Every structure is written in structure tokens, then in C-alpha cells.
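This report concerns only the one structure given below.
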Amino acid sequence: MLVVVATTLLALVATGAAVVAWTVAVRRAQEARQAVATAAAYRAVFDHALVGIAVLAADDAGPAPVWRVEDANPAFGHLLCREVAGTAWPDLLAAGDADDAARTLAALADGRLSAWHGEHAVEIAGRTRSMHVSMAPLPAPAGGPRRLAVHVVDVTDRVSEQTRLRDLALHDALTGLPNRALLADRLDLALAGTRRTGGRVLVAFCDLDDFKTVNVTSGHAAGDHVLVTVAHRLREAVRPADTVARVGGDEFVVLCPDVPDEAVAHDIAGRLLAALRTPVLLDGTACHRGGSIGVALSAAGRGTDASALLQAADIAMYRAKRSGKSAAHLLILADDEDVFVDGVVDVRGADRLSA
4 MLVVVATTLL ALVATGAAVV AWTVAVRRAQ EARQAVATAA AYRAVFDHAL
54 VGIAVLAADD AGPAPVWRVE DANPAFGHLL CREVAGTAWP DLLAAGDADD
104 AARTLAALAD GRLSAWHGEH AVEIAGRTRS MHVSMAPLPA PAGGPRRLAV
154 HVVDVTDRVS EQTRLRDLAL HDALTGLPNR ALLADRLDLA LAGTRRTGGR
204 VLVAFCDLDD FKTVNVTSGH AAGDHVLVTV AHRLREAVRP ADTVARVGGD
254 EFVVLCPDVP DEAVAHDIAG RLLAALRTPV LLDGTACHRG GSIGVALSAA
304 GRGTDASALL QAADIAMYRA KRSGKSAAHL LILADDEDVF VDGVVDVRGA
354 DRLSA
């Protein structure tokens, strides 16, 4: 009897073990199929994603690791318009971005960065495209190469629109010249430079004489024509590094950094005055000529406040108008005299402004 019971128990145990083994095998098979299905799903997402996705693997054969494209989806190659397999990541970017990219890769590799987001430029068919790039390390299998995941999106249109809006905010819509806000930024930079170098900055207020008459007699289209023409002439009268800004209806301001001395200031004033005195033609007939210019030159070897320099130029402009219009008046801050410049006439006075 005991033998029968023992035999039965052993049979049951063996059967149970077989059932357990079968259950484990079934579960493992299901998990394997699920893993294959999940991997296939992830691969489908990778292959069909609209953003560029790539995996970079570290090539440690040389003295410094080279991060090459190990795998990439079709969108990645389409964005860059080239074959990318095996290519070093910095080589895919514009030359000016390669060094920054190398530093980013090094920081991600040694753990100083856990992720990186930013923009890189890419040269495609002779044109520069802006790409938003996201990078992060991938878990490294034991003994396997280090890897980084890279996502790339073309943001050229967005960057262009942002640039356009920024330009609109900082430039005059009619003439395309810098506006008051951009002038203020450039003036601050110019004056900051003089504090380091001991140089001088010139500011000229240019106001068109009797401009309202043009609008009244010939219409606003004629007035716009005058403003655009004058803007171009003023721009042509100064150096490429100088700034001509439109700050009001018929008011322009010229900013000239690094003016070495009063003689150059006189020359600039004369060229600006000549530009304003040249008749503006409309349908072959002169519709406007002349303007009053107030020029202020910052003190030599010392800092000058932007508002003080602008105020001096404004005062000089009104003095030019009082002198009979179509004239230029120069105020030299913290020097012994101010100088009137009117074509070939050079009249010296005793007034002085202190910076």
C-alpha cells in the first residue's frame, strides 16, 4: 500500500513539475514574442518618425573618441540630404559649428552633461539650414560601445521668421534703417568702447528743412520718396561701420564710432551736409533740398553719457536751424570751443558744453 502511495505521489510531483516547466516555457515564448513585437513597433516608430533620429557610437580606436552615426532613420538622412552611416557627427555640421559640437560630445560622454538641446547650422546645397538638435546618452551594455541618441528638427523657417520679426522691431519699415532702439544699443556699445580705448564717438542729428511742405504740396508718396532718397544718401556719405538711423518723421541720427579727431568730425559734417543739400528729384523736378545738422563729438579719453551726447547733438541741430538752415553745427564736448561748419564757411564761437 505504501509503495502505491509513494509511486502515486512521485507521479503527481513529476506531473506538476512538467506543468510548471510547460507554463514557464509558454510564458517565456510569449515574452519573447512580445519583445519581438515591441522591438518591431519601436523600429517602426524609428523608421517612420517625421523628425530625424540617429544613434551615435563612440569609436575609441584613436587618441580621442570619434562619435559616428551607427544607425539613422530615413528622416535623418533626408534632413541632411546625404548618406550618413559611419560619418562623424561634427562632419555633418557647418564648419563653424564643428568645434562646439565636439565640446558638447565630450561633456555628454564624461557625464558633465546629462542631455543637450540647441541649434546647429548645416550646409545643404550651398545654403545654410538651422537644425534644432537634442542629444542624450543611451544605456551602455557591458563591454559595448558608448552611444548617444540624437533628434534633429529643421527649424530654418522658424529662425527666419524670428529674425524677420526682430529686424522689424529694430528697423524702420519705410527706409530699412535702424530705428531708435537699435541706435541706442549701438551707441551704448560705441561709448563703452571709448572707455576702453580712449577714442571718440560722433553723433549727428539731421533734420530736413521744410519737409512738411513736401507732404502738403506733393502728397505723402512724394514725402516717402524724399525720406527713402535721403536715407540712401546719408548711408552712402559715411563709413560702412557707421550707423544711420531714422528716429522720427524727418529726423535721422548718424552714429560714427572711433572718430580720431575734430578734423574727421568736420569732414563727416561736411559730407552729411552735402548729402542733404543735393536736390531730391521727383519726375525730373526738385521737390526738396536742404537740412539742418547738429553734430556732437564725445570728449577725448573719457567716458561720455549717451543721453548727454544725444542732447548735445540736438542742441547743435537747433543752433544750425537758427543760423539760417541748410547748415551744420558742431559741438565738441569738454573741449574749448564749438565749431560751425557750413559748406566752405568755418565760423568759430566761444560756446562750450561740458561732458
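Under my numbering, the first residue of the sequence shown carries the number 4, and numbering increases by one thereafter.
Cβ atoms here follow ideal geometry from the backbone N, Cα and C, with glycine treated the same way.
For clarity, every value in this text was computed on a predicted model and none was experimentally measured.
(request) Figure out for me which residue from Arg274, Ala330, Leu237, Ala311 has the closest Cα to the Cα of Ala187. (result) Ala311
(request) Provide the residue span of the beta strand (DSSP E) that contains Val136, from first to last. (result) 130–141
(request) For Val54, name the three-state secondary structure that DSSP assigns. (result) coil
(request) Measure the C-alpha to C-alpha separation of Ala47 and Leu83 and round it to an integer number of angstroms. (result) 21 Å
(request) Could you tell me the distance, in whole angstroms, from the CA atom of Ser357 to the CA atom of Leu336? (result) For Ser357, the pLDDT reaches just 34, beneath the cut-off of 50, and the residue's location in the model is therefore unreliable, although a value from the coordinates is still provided. Roughly 6 Å separates the two Cα atoms.
(request) Express the C-alpha separation of Thr307 and Ser301 in angstroms, rounding to a whole number. (result) 6 Å
(request) Would you check if the region 215–235 and the region 159–173 touch, i.e. whether three or more CB-CB distances between them fall below 8 Å? (result) no
(request) Can you check DSSP and say which residues form a bridge with Gly294? (result) Leu211
(message) Using CA atoms only, rank isn't needed, just tell me which of Leu141, Ala316, Arg71, Thr281 is closest to Glu254.
(response) Ala316
(request) Indicate whether Ala272 and Ala309 have their beta-carbon atoms separated by less than 9 Å. (result) no
(request) Go ahead and label Ser117 buried or exposed: buried means 16 or more other beta carbons lie within 10 angstroms of its beta carbon, across all protein chains shown. (result) exposed
(request) Find out if the Cβ-Cβ distance for the pair Ala112, Pro142 is shorter than 9 Å. (result) no
(request) Within 10 angstroms of the Cβ of Ala266, are there 16 or more other Cβ atoms? Answer buried if so, exposed if not. (result) exposed
(request) Indicate the three-state DSSP secondary structure (helix, strand or coil) for Gly121 in the structure shown. (result) strand
(request) Could you pull out every residue in the same chain whose Cβ sits closer than 6 Å to the Cβ of Pro77, ignoring the five residues on either side in sequence? (result) none
(request) Inspect the beta-carbon positions of Arg2 and Pro68 and report whether they are closer than 9 Å. (result) Residue 2 is absent from the model: the chain starts at 4 and stops at 358.
(message) Rounded to the nearest angstrom, what separates Asp341 and Asp175 at their Cα positions?
(response) Summary for Asp341: the model assigns pLDDT 47, below 50, so the residue's position carries little reliability, and this model does not support an answer.
(request) Could you tell me whether the region 229–246 touches the region 317–325, where touching means 3 or more Cβ pairs closer than 8 Å? (result) no
(request) Measure the CB-CB distance between Val54 and Val156 and report whether it falls below 9 Å. (result) yes
(request) Inspect the CB distances between the region 54–65 and the region 28–40 and report whether three or more fall short of 8 Å. (result) no
(message) Tell me the DSSP secondary structure of Val206 in three-state form.
(response) strand
(request) Report all residues from its chain with a CB closer than 8 Å to the CB of Val347; omit the five preceding and five following residues, and keep chain order. (result) Reliability fails at Val347, whose pLDDT of 30 lies under 50, so the model's placement of it is uncertain and the value that follows must be treated cautiously. No residues qualify anywhere along the chain.
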